[in-house]
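Inspection log for the structure reproduced underneath, given as structure tokens.
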Ligand code: ATP
Ligand code: MG
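Numbering (this note's numbering), first residue to last: 137 to 478.
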């Protein structure tokens, strides 16, 4: 057993809070940068339409969910007008055709179709902005989870800031690259939201559990219910705990590190943002994984499944060290980051 942390001085908390806020203002894109993303999208759409007449392109992921960095990739979903779904075979063919078409675009390079992944994509690099991106097909659930994340981000600005800090933290500590066996940004965001729902008093509600009437409305997409409460203007009326939590971002951040190192049992608990009652790995029959993160809509999808043993150790050590041993140093770590950035 380690000794409990010494009480934090008000000065320390103030500095920590400042650094957290700064982290957000340093990395958040402004309206101009968001506008550029829309322009790239429009340009790509009209270019793709030369080959695929009914193509419609839509941004999702961090370009839309409120947790984007200046350099975040462009996640684009393509559908063909009048076509509801597409089977895997057609998908792969279209991805290949799309790659051939994009290779002719003078503003792009490094076009790479990836047809073996669970979601086939074409990757590209946008030369003028230096942004990377990928286009997937009929990634409909991702559009809905993007909307869900955006709604949580809109409830309270602390949500946005904490998700940013978590992403910066994961990237800086090198525990945030899904292609190398770590967790994805999306998974980290779900971890932050889960913490904020479980906090007492909670910072955010469980939007999927709020509805008028007795039964939860059903909006089916790919066989999953994607309903959630999105009429945020009336949220205070529907959620009695609205505004009850008044902690600062700094306090919440330390709370988060403590939550995942002290309260949360990785073997037993599931990170699950669709219900307030704790779900266990036993309920899900998802045992022997290092961390179980349930997708809010696709309930068969465990975002922790791809985590390698090595990454899990890195992940845990990083959290643990930051939380219990170096909480003072940690503050400087962020300041350092801030100066590097300038
Ligand atoms: P970043 O700023 O790092 O790009 P991001 O939120 O865009 O963050 P990505 O990893 O690029 O995260 O994922 C983009 C979107 O794709 C997510 O918002 C989510 O909708 C969807 N997504 C990503 N990974 C998964 C996954 N493992 N399962 C389901 N959906 C996913
Ligand atoms: Mg992205």
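Positions of the beta carbon are idealized from the N, C-alpha and C atoms, including for glycine.
Alpha-carbon to alpha-carbon, residue j and residue i
i	j	result
residue 156	residue 300	9 Å
residue 384	residue 352	33 Å
residue 209	residue 269	5 Å
residue 462	residue 393	Any reading at residue 462 needs caution, since the residue's pLDDT is 46, under 50, leaving its predicted position unreliable; the model's value is listed next. Each residue's Cα considered, the two are about 11 Å apart.
residue 367	residue 219	29 Å
residue 342	residue 400	18 Å
residue 242	residue 263	9 Å
residue 391	residue 319	21 Å
residue 229	residue 277	21 Å
residue 227	residue 358	16 Å
residue 207	residue 224	31 Å
residue 195	residue 420	32 Å
residue 396	residue 389	11 Å
residue 448	residue 386	25 Å
residue 489	residue 184	No statement about residue 489 is possible, as the shown extent of the chain runs from 137 to 478 and does not include it.
residue 257	residue 275	10 Å
residue 356	residue 437	16 Å
residue 337	residue 149	20 Å
residue 334	residue 254	31 Å
residue 147	residue 298	20 Å
residue 313	residue 349	42 Å
Buried versus exposed call for residue i [16 or more other C-beta atoms within 10 Å across all chains shown]
i	result
residue 204	buried
residue 441	exposed
residue 329	buried
residue 211	buried
residue 245	exposed
residue 451	buried
residue 418	exposed
residue 199	buried
residue 444	exposed
residue 372	exposed
residue 272	buried
residue 279	buried
residue 431	buried
residue 267	buried
Bridge partner(s) assigned by DSSP for residue i
i	result
residue 214	193 and 273
residue 361	356
residue 406	428
residue 149	In the DSSP output, where bridge partners are listed per residue, residue 149 has none listed.
residue 259	248 and 270
residue 436	Paired residue(s): none; residue 436 is not in a bridge.
residue 416	405
Beta-carbon spacing of residue i, residue j below 8 Å
i	j	result
residue 197	residue 217	no
residue 375	residue 346	yes
residue 303	residue 160	no
residue 192	residue 214	yes
residue 361	residue 286	no
residue 407	residue 429	yes
residue 326	residue 415	no
residue 402	residue 427	yes
residue 163	residue 281	no
residue 364	residue 435	no
Three or more C-beta pairs below 8 Å linking the stretch 223 to 240 and the stretch 170 to 178: no
Cβ pair count under 8 Å reaching 3, the stretch 241 to 253 against the stretch 302 to 313: no
Given 8 Å, three or more beta-carbon pairs between the stretch 285 to 305 and the stretch 368 to 382: yes
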